[in-house]
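Taken in order, these protein sequences are the chains called A and B. Just so you know, we're using our numbering here: the first sequence kicks off at 1 and counts up by one. Just so you know, we're using our numbering here: the second sequence kicks off at 346 and counts up by one. A short write-up of the structure that comes next.
There are 2 protein chains.
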Amino acid sequence: MAVGRRGLGRDGRPTLEQVAARAGVGRGTVSRVINGSPRVSDRTRAAVEAAIADLGYVPHRAARALAANRTDAIALVVPEPEARLFAEPYFSAIIRGVSAELADTDYQLLLTLSRTPKERQRFAQYAAGNRVDGVLLVSVHGEDPLPELLGQLGIPAVMNGRRSADEPFPHVDCDNVAGAQLAVEHLLGRGRRVVATITGPLDMYAAWCRLAGYREALEAAGHEDDDSLVWRGDFTEESGYHGMRELLERRPDIDAVFCASDLMAAGARRALREAGRTVPGDVALVGFDDSAIARHMDPPLTSVRQPIEGMGRAMARALLAEIDEGMPIHRHQVLPTELVRRGSS
Amino acid sequence: MAVGRRGLGRDGRPTLEQVAARAGVGRGTVSRVINGSPRVSDRTRAAVEAAIADLGYVPHRAARALAANRTDAIALVVPEPEARLFAEPYFSAIIRGVSAELADTDYQLLLTLSRTPKERQRFAQYAAGNRVDGVLLVSVHGEDPLPELLGQLGIPAVMNGRRSADEPFPHVDCDNVAGAQLAVEHLLGRGRRVVATITGPLDMYAAWCRLAGYREALEAAGHEDDDSLVWRGDFTEESGYHGMRELLERRPDIDAVFCASDLMAAGARRALREAGRTVPGDVALVGFDDSAIARHMDPPLTSVRQPIEGMGRAMARALLAEIDEGMPIHRHQVLPTELVRRGSS
DNA sequence: CAGCTGGATGGGAGCGCTCCCAAACTTGAT
DNA sequence: ATCAAGTTTGGGAGCGCTCCCATCCAGCTG
Chain A
1 MAVGRRGLGR DGRPTLEQVA ARAGVGRGTV SRVINGSPRV SDRTRAAVEA AIADLGYVPH
61 RAARALAANR TDAIALVVPE PEARLFAEPY FSAIIRGVSA ELADTDYQLL LTLSRTPKER
121 QRFAQYAAGN RVDGVLLVSV HGEDPLPELL GQLGIPAVMN GRRSADEPFP HVDCDNVAGA
181 QLAVEHLLGR GRRVVATITG PLDMYAAWCR LAGYREALEA AGHEDDDSLV WRGDFTEESG
241 YHGMRELLER RPDIDAVFCA SDLMAAGARR ALREAGRTVP GDVALVGFDD SAIARHMDPP
301 LTSVRQPIEG MGRAMARALL AEIDEGMPIH RHQVLPTELV RRGSS
Chain B
346 MAVGRRGLGR DGRPTLEQVA ARAGVGRGTV SRVINGSPRV SDRTRAAVEA AIADLGYVPH
406 RAARALAANR TDAIALVVPE PEARLFAEPY FSAIIRGVSA ELADTDYQLL LTLSRTPKER
466 QRFAQYAAGN RVDGVLLVSV HGEDPLPELL GQLGIPAVMN GRRSADEPFP HVDCDNVAGA
526 QLAVEHLLGR GRRVVATITG PLDMYAAWCR LAGYREALEA AGHEDDDSLV WRGDFTEESG
586 YHGMRELLER RPDIDAVFCA SDLMAAGARR ALREAGRTVP GDVALVGFDD SAIARHMDPP
646 LTSVRQPIEG MGRAMARALL AEIDEGMPIH RHQVLPTELV RRGSS
């Protein structure tokens, strides 16, 4: 019986129909008001809005999604291992940024930690099947098929970071090169002459950039390229420790070190202490990430800060633009980094 | 025209109808297979499953939600300020736990950072309106109306932590009392005689518990209650620093300190260094949280670790039970804490 | 062998909304 | 006053699924 068309929703909540009845208009009109269509007279709009307020009407998401073929939801996909190892507050800062940007919209944030690469692959199907309006990708590695998969499926997506200098995929990154330059210029500016660096794994583009920034800054200051001052680490504390020992052995005249992560700087600090070098007296130290560790080292570590929350916001903005304008204007964004000066340099 | 009943979904994805046609059965039967109903013969089930695989069918979430009046989604609600200040990896560890537990189910994790208390209040309406099957609450403060609101609305919910000893709301917490006891017993076991403590803000139940644990351990060891050994901090580093200075002045004979957070321990460490006391030589130090800061202090800080990820899992499990069994068996769970020994004690 | 029982099956109805077309009403020019 | 052109409005159809009832078919019983 098509009579049921009148009652409250199954769970007692008012429906569109109810609001329409109350306002003395048709369903279509209420729908138009809710969706901000201009084709409604002011009188009617006011009446409908009053009815909505009276009834405490809230649109039913699922019904809406079904009828309109959209979901008002975007997914944030993080590989499980990253969530574990992320420079501590990175993960939550990204979420905070995204969330802040989404707060003014009707979008929901869906969280997906994908454990295995396989799960990651299945996510594309899932995304299409369950209808997510868009996807935010964090920490994408070189071999990850997800970006391309999403591209093929025509699902709007934005990633955090880049996989290479000419990353084609829409992304938001921070300026690692400039950050490293800042760090090294600062060191040189404080009168340091022999500046070494401990790099991240160079197959990661961010690590590569930080090394590039280090080199550029030295070159700009007229220093010659000197490989004996570069040690290749892997972002772990251990690699920072070993790297520092090695560097000290190779070049006892080192008076400054730029570490591509705070964690490595912590390792380097330990090695320096063991070697009897003071910080910043004998050797000045600068890290990257501006993590909690940096703030609590002894002395507190000068470090390059990334605008993590800002990246989250930018990603969300770009994605929303891509979703409802078809194509974002800023497909590629690089946000500035900043040097936070502390006692270690 | 009711003929449309046959094609692919609007966006080209197969629908239930399609699968039914392909398998040569009715919609109802396919639905039954998908939902694991036992009232399907093995033959039919196999045929349907084959059709599903062939077509790469994925149920349409919104349609399902609309028809079945459930959402297969649960929300994790975090007050915005907490997401910022959380003992670093706390937030992500909770998410990891929840996410891991949800991975085997069809539930989606919705993330909500609520900025203002008002927003928080509105969330209840939102939750009801948008249909979330359940809610996970993190960091609930005393005045927060959300738990009660959700209770009234009959929305299943579980919170992390407790607001008081007899928290009526379903919750998962860790054993702060036992953790503190562990710490103090350890200190006493290493021969320390004068054990002080720097507490958190005592209107927070967790902080109160840690103080209680401290007292119990001392009492059990035959020490008398001595207020001159207790300093009330607020979990910040500054309060740790000032507390330590104060304590040292009051009781220069202190040879051990239990801090209710690693951050305060870091502050205390600084004060000790300034006072010329060595750690652990003159004074042994134990923290709480086992954060990154603890691991990177000099010397590394002995600390009490909470099973954060485990709490996340437990919360998810409890919530799921509450959702589909009506009432969870374990409405109140308290997980054990653990002492991580390092160089500071 | 009719009659019954119980499990398997098909499909109508309906969830609450948006889309869109046709109807109703305006407005302004003739 | 008349008509064309535009604006506002109502409501049918349908989104893809679950629920549930009527139907069908075996297997038994007497």
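Just so you know, even glycine gets a beta-carbon here, dropped at the ideal spot from N, CA and C. No experiment lies behind these values; they were computed from the predicted model shown.
| Item | Value |
| --- | --- |
| So, for HIS141(A): in the same chain, excluding its five sequence neighbours on each side, which residues have a beta-carbon less than 6 Å away from its beta-carbon? | none |
| What are the boundary residues of the beta strand (DSSP E) that includes HIS677(B)? | 677-680 |
| In or out: LEU574(B) buried (at least 16 other Cβ within 10 Å) or exposed? | buried |
| Enumerate in chain order the residues of its own chain whose CB-to-CB distance from MET1(A) is below 7 Å, with the five nearest sequence positions on each side excluded. | Note that MET1(A) scores a pLDDT of 35, beneath 50, so its modelled location is shaky and nothing firm can be said. |
| Mark ARG351(B) as exposed unless 16 or more other C-beta atoms lie within 10 angstroms of its C-beta, in which case mark it buried. | Because the pLDDT of ARG351(B) is 49, which lies under 50, any placement of that residue in the model is unreliable, and the number read from its coordinates should be weighed accordingly. Flag for ARG351(B) reads exposed. |
| DSSP on PHE468(B), reduced to helix/strand/coil? | helix |
| Can you give the beta carbon distance from GLY233(A) to THR337(A), rounded, assuming they're within the 8 Å contact cut? | Not really, about 19 Å apart at Cβ, beyond 8 Å. |
| Does any C-beta atom of chain B lie closer than 8 Å to the C-beta of PHE91(A)? | yes |
| For LEU8(A), count neighbouring C-beta atoms within 10 Å of its own C-beta (all shown protein chains included) and say buried if the count is 16 or more, exposed if not. | exposed |
| Count the other CB atoms within 10 Å of the CB of GLY349(B); is the residue buried (16 or more) or exposed (fewer)? | Because GLY349(B) sits at a pLDDT of 40, beneath the cut-off of 50, its placement in the model cannot be relied upon, and the following sentence gives the value as read from the coordinates. Flag for GLY349(B) reads exposed. |
| Which chain A residues are close to VAL540(B), counting only those with a beta carbon under 9 Å from its beta carbon? | Ordered by position in chain A, no residue passes the 9 Å Cβ test against VAL540(B), which lies about 24 Å from the chain. |
| Pull up the CB-CB distance for THR542(B) and VAL628(B), whole angstroms please, since I reckon it's below 8 Å. | 13 Å between Cβ atoms; not a contact. |
| Give, in chain order, every residue of the stretch 610-642 of chain B whose Cβ lies closer than 9 Å to some Cβ of chain A. | ALA611, ARG614, ARG615, ARG618, SER636, ALA637, ILE638, ARG640, HIS641 and MET642 |
| Terminal residues of the continuous alpha helix (DSSP H) containing VAL78(A)? | Here VAL78(A) belongs to no alpha helix (DSSP H); instead the beta strand (DSSP E) covers 73-79. |
| Per the contact definition of three or more C-beta pairs closer than 8 Å, is the stretch 581-601 of chain B in contact with the stretch 655-665 of chain B? | no |
| Using 8 Å as the cut-off, can you tell me whether the stretch 441-460 of chain B makes contact with the stretch 105-124 of chain A, which would need three or more C-beta pairs spanning the two stretches below that distance? | yes |
| For THR360(B), count neighbouring Cβ atoms within 10 angstroms of its own Cβ and tell me buried if that reaches 16, exposed if not. | buried |
| Counting pairs of beta carbons, one from the stretch 404-421 of chain B and one from the stretch 57-73 of chain A, are three or more of them closer than 8 Å? | yes |
| Using a beta-carbon distance below 8 Å, is ILE254(A) in contact with chain B? | no |
| Does the CB of VAL685(B) have a neighbour CB from chain A at under 8 Å? | no |
| Check distances from the C-beta atoms of the stretch 442-454 of chain B to those of chain A and list, in chain order, the residues that come in under 8 Å. | SER444, ALA445, ALA448, GLN453 and LEU454 |
| Between which two residues does the beta strand (DSSP E) carrying ASP54(A) extend? | Premise fails: ASP54(A) lies in the alpha helix (DSSP H), 42-55, not in any beta strand (DSSP E). |
| Please decide whether ARG460(B) counts as near chain A, where near means a Cβ-Cβ distance under 8 Å. | yes |
| DSSP on ILE500(B), reduced to helix/strand/coil? | coil |
| State the DSSP-derived secondary structure class of GLY588(B), mapped to helix, strand or coil. | helix |
| For ASN35(A), count the other beta carbons within 10 Å of its own beta carbon; 16 or more makes it buried, fewer makes it exposed. Which is it? | exposed |
| For THR623(B), count neighbouring Cβ atoms within 10 angstroms of its own Cβ and tell me buried if that reaches 16, exposed if not. | exposed |
| Return the CA-CA distance between PRO424(B) and THR236(A), expressed in angstroms with no decimal places. | 32 Å |
| Does the beta carbon of VAL503(B) sit closer than 8 Å to a beta carbon anywhere in chain A? | no |
| Rounded to the nearest angstrom, how far is the Cβ of LEU263(A) from that of GLY240(A), given a contact under 8 Å? | 7 Å |
| LEU527(B) lies in the alpha helix (DSSP H); which residues open and close that run? | 521-534 |
| Could you tell me which chain A residues have their CB closer than 9 Å to the CB of ASN475(B), listed as they occur along the chain? | VAL58, PRO59, HIS60, ARG61, ALA62 and GLN108 |
| To the nearest angstrom, report how far apart ALA75(A) and ARG358(B) are at their CA atoms. | 20 Å |
| Run down chain A in chain order and give the residues with a C-beta less than 7 Å from the C-beta of LEU411(B). | ALA62, ALA63 and LEU66 |
| Determine, using beta-carbon pairs with one atom in the stretch 528-535 of chain B and one in the stretch 554-570 of chain B, whether at least three such pairs fall under 8 Å. | yes |
| Terminal residues of the continuous beta strand (DSSP E) containing GLU569(B)? | Per DSSP, GLU569(B) belongs to no beta strand (DSSP E) and is neither H nor E. |
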